[in-house]
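In my numbering, the protein residues as written are 5 to 382.
Every residue gets a Cβ at the ideal spot worked out from N, C-alpha and C, and that includes glycine.
As the structure is a prediction and not an experimental result, all values here were calculated from the model.
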Amino acid sequence: MPNFFSNLFSGLFNSQSKSVLGIDIGSSSIKIVQLSRRGGRVILETYGELSLGPYAGKSIGEATNLSAEKIIEAVQNLLKEKEVNATTRICGVAIPFSSSLITVIELPNQSLKQLAEMIPIEARKYIPVPISEVALDWYVIPKDRNPESEPTPNTDRDGKIVLEKQEVLIVALHNDTITRYHDIVTKSALQATFFEIEIFSTMRSILDQELTPVLLIDMGATSTKLYIVERGILRSSHMINSGGQNMTNELSKSLGIPLPEAEILKREKGLLGEINGIEIKNVITVTLDYIFSEANRTVLAYQKKYNKNVSKVILVGGGSALKGVVDVAKGSFQTEVLGGDPFAKVLSPAFLEKVLRETGPEFAVSVGVALRCLQELE
């Protein structure tokens, strides 16, 4: 998997620290994971989550749009929490998918040098701001084991020679976004070795060496991200403006209870049980049915375009950690469905096994960031 923007961000700080932090700043909470490497094994040292709702005068679980100053305050508070007790400030930081632009385009099969000249021009068609205002990176999606093979000539209906098309993954971040996160890191007394768009962190923590297409469904507070990954390469991405907060809102309206109470109910019971004769599952599945319907559309579009079936569906994010969500998903897809387990790639105390398995999907991004941070320091 390519490390995008590695030339731009890597090496901001040099350190001999053996422990690193992975930081995921979401709309409803901040999550951190501290890892170290000992004897070739990756060790979980600590982890934690802090809800951002109270920093905006809202309840726990509600999405926010905080100022940089409030986020800095929250990051500092989380690092100082007794239960977390982070011992290092060397970190990697995830940038939300919503703050980026990721797309796959088709270009004539050219040399890498020619592509480097062509892509900034082509990217203007997809980026709604001047190219000078973004950091741009790209990766040629290989068709075979030799991605730099010579262009293959074909002929059109008139007998003219045309070049075979190739797919290129384009990734862009606005310079203002980069500046914002750099300021948050600096003023939080952190030392970032890199910044990374969250999807690439999730891929690192959740996937192994799958050769067939896999659909990742990342269920956040206000949105759900859909990613199709094949051979470790992101091939398709889509965002739905629906997530865990929609489930909370539906519970609040259907049961006539305040949002904070609905959030607690959702976290404790998930889709199981009933309240006042109303089955929770029937309320929450309104949101889930929409999400999974859109996910199936994404899968069908991919299958039609590439004539390849998605081999499995993996759920991550806070919404997927709710009790019963995976079971509902299994009835919505005609393929294997499972919950993501990012902590499976790290060694942790046995007494935490059950807790980490249940909360793991929420930490897919932060674990993935920390894993790369360890690689950066080697």
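Residues that residue 384 bridges to, as DSSP identifies them: The chain is shown only over 5 to 382; residue 384 falls outside these bounds and no answer can be derived.
Proximity to residue 111 [Cα-Cα], best of 377, 172, 37 and 51: Start at 1 with the first residue of the sequence shown, and residue 111 comes out as number 107. That would be 172, whose Cα lies nearest to the Cα of residue 111.
Whole-angstrom distance between residue 275 and residue 2, CA atom to CA atom: Lying outside 5 to 382, the shown extent of the chain, residue 2 is not represented and no answer is given.
Burial state of residue 303, where buried means 16 or more other Cβ atoms lie within 10 Å: Taking the sequence shown and counting its residues from 1, one reaches residue 303 at position 299. Flag for residue 303 reads buried.
Entirely enclosed beta strand (DSSP E) segments - the segment 226 to 258, minimum 3 residues: 228 to 234 and 237 to 244
Straight-line Cα distance separating residue 95 from residue 27: Taking the sequence shown and counting its residues from 1, one reaches residue 27 at position 23. Taking the sequence shown and counting its residues from 1, one reaches residue 95 at position 91. Those two C-alpha atoms are separated by around 7 Å.
Sequence ranges, alpha helix (DSSP H) only - wholly within the segment 64 to 96, length at least 4: 72 to 84
Own chain partners of residue 241 with C-beta closer than 6 Å, once the 5 adjacent residues on each side are dropped: Translated into the one-based positions of the sequence shown, residue 241 becomes position 237. Around residue 241: 106 and 231.
Short Cβ contact (8 Å threshold) for residue 344 with residue 368: Taking the first residue of the sequence shown as 1, we reach residue 344 at position 340. Taking the first residue of the sequence shown as 1, we reach residue 368 at position 364. The answer is yes: Cβ separation under 8 Å.
Member of 247, 119, 141 and 124 whose CA lies at the smallest distance from the CA of residue 134: Taking the first residue of the sequence shown as position 1, residue 134 is located at position 130. If we check each option's Cα against that of residue 134, 124 comes out closest.
Residue nearest to residue 310 in terms of C-alpha spacing, selected from 224, 324 and 216: Along the sequence shown, one-based indexing puts residue 310 at 306. With distances taken between Cα atoms, residue 310 lies closest to 216.
Beta-carbon contacts of residue 360 that lie in its chain and below 7 Å, excluding the five residues immediately before and after: As a first step, residue 360 must be located in the sequence shown, where it is residue number 356. 347 and 352, listed in sequence order.
Ranges of the alpha helix (DSSP H) found wholly within the segment 313 to 372, counting only runs of at least 4: 329 to 334 and 357 to 363
Exposure label - residue 33; buried when at least 16 CB within 10 Å: Locating residue 33 in the sequence shown gives position 29, counting from the first residue. It counts as buried.
Own chain partners of residue 312 with C-beta closer than 6 Å, once the 5 adjacent residues on each side are dropped: To locate residue 312, count along the sequence shown from 1; it is residue 308. The answer, listed in chain order, is 217.
Local conformation of residue 32 per DSSP, three classes: Within the sequence shown, numbered from 1, the residue matching residue 32 stands at position 28. Of the three classes helix, strand and coil, the one that applies to residue 32 here is coil, per DSSP.
CB-CB length for residue 227 against residue 258, believed under 8 Å: On the sequence shown, residue 227 is found 223 positions in, with the first residue counted as 1. On the sequence shown, residue 258 is found 254 positions in, with the first residue counted as 1. Contact flag wrong, Cβ pair sits at about 22 Å.
Distance, residue 78 Cα to residue 84 Cα: Taking the sequence shown and counting its residues from 1, one reaches residue 84 at position 80. Taking the sequence shown and counting its residues from 1, one reaches residue 78 at position 74. Each residue's alpha carbon lies about 10 Å from the other.
Beta-bridge partners of residue 112, as assigned by DSSP: For the purposes of this step, residue 112 is identified with residue 108 of the sequence shown, where counting begins at 1. DSSP lists 169 as partners of residue 112.
Endpoints, the alpha helix (DSSP H) within which residue 307 is located: Locating residue 307 in the sequence shown gives position 303, counting from the first residue. Start and end: 284 to 310.
Segment limits, alpha helix (DSSP H) that includes residue 203: Counted from its first residue, the sequence shown places residue 203 at position 199. Per DSSP, residue 203 belongs to the alpha helix (DSSP H) from 202 to 210.
Rounded straight-line distance, which links the Cα of residue 54 to that of residue 90: Numbered from its first residue, the sequence shown carries residue 90 at position 86. Numbered from its first residue, the sequence shown carries residue 54 at position 50. Approximately 14 Å between the Cα atoms of the pair.
Element boundaries [beta strand (DSSP E), containing residue 271]: Within the sequence shown, the letter at position 267 stands for residue 271. Residue 271 -> not in any beta strand (DSSP E); alpha helix (DSSP H) instead, spanning 263 to 273.
Counted within 10 angstroms of its Cβ, other Cβ atoms place residue 282 as buried (16 or more) or exposed: Residue numbering aside, residue 282 sits at position 278 when the sequence shown is read from its first letter. Residue 282 should be labelled exposed.
For residue 116 and residue 249, the rounded distance between their alpha carbons: Mapped onto the sequence shown, residue 249 falls at position 245. Mapped onto the sequence shown, residue 116 falls at position 112. Approximately 44 Å, taken between the alpha carbons.
Residue 214 in three-state terms, based on DSSP: The sequence position of residue 214 within the sequence shown is 210, counting from 1. Residue 214: coil per DSSP, three-state reduction.
Residue 150 - DSSP class collapsed to helix/strand/coil: As a position in the sequence shown, residue 150 is number 146, starting the count at 1. Annotation note: pLDDT 42 at residue 150 (below 50); position unreliable, coordinate value reported separately. Here residue 150 sits in coil by DSSP.
Extent of the continuous alpha helix (DSSP H) run through residue 189: Numbered from 1 along the sequence shown, position 185 holds the residue referred to as residue 189. Residues 179 to 191.
Expected contact under 8 Å - CB spacing of residue 46 and residue 327 to nearest Å: Within the sequence shown, numbered from 1, the residue matching residue 46 stands at position 42. Within the sequence shown, numbered from 1, the residue matching residue 327 stands at position 323. No, residue 46 and residue 327 are not in contact; Cβ-Cβ is about 28 Å, not under 8 Å.
Contact the segment 62 to 75 vs the segment 201 to 211: 3+ CB pairs below 8 Å: no
Beta-carbon gap between residue 24 and residue 97 smaller than 8 Å: Here residue 24 refers to the residue found at position 20 when the sequence shown is read from its first residue. Here residue 97 refers to the residue found at position 93 when the sequence shown is read from its first residue. No, the pair does not count as a contact, with Cβ atoms beyond the cut-off.
Buried versus exposed call for residue 38 [16 or more other C-beta atoms within 10 Å across all chains shown]: Walking along the sequence shown from the start, residue 38 turns up at place 34. So residue 38 ends up on the buried side.
Same chain only: Cβ atoms within 8 Å of residue 224, ignoring 5 sequence neighbours per side: Translated into the one-based positions of the sequence shown, residue 224 becomes position 220. Here the set comprises 30, 31, 32, 247, 248, 321, 322 and 323.
Of the listed residues 178, 50, 308 and 264, nearest to residue 139 (C-alpha basis): Sequence index remark: in the sequence shown, residue 139 carries index 135 (1-based). Of the candidates 178, 50, 308 and 264, the one whose C-alpha sits nearest the C-alpha of residue 139 is 178.
Residue 155 burial status per 10 Å Cβ neighbour count (16 or more: buried): Walking along the sequence shown from the start, residue 155 turns up at place 151. The predicted model places residue 155 with a pLDDT of 46, which falls under 50 and marks its position as unreliable, so this point remains unresolved.
Host beta strand (DSSP E) of residue 47 (start-end): Translated into positions along the sequence shown, residue 47 becomes position 43. Residues 45 to 55.
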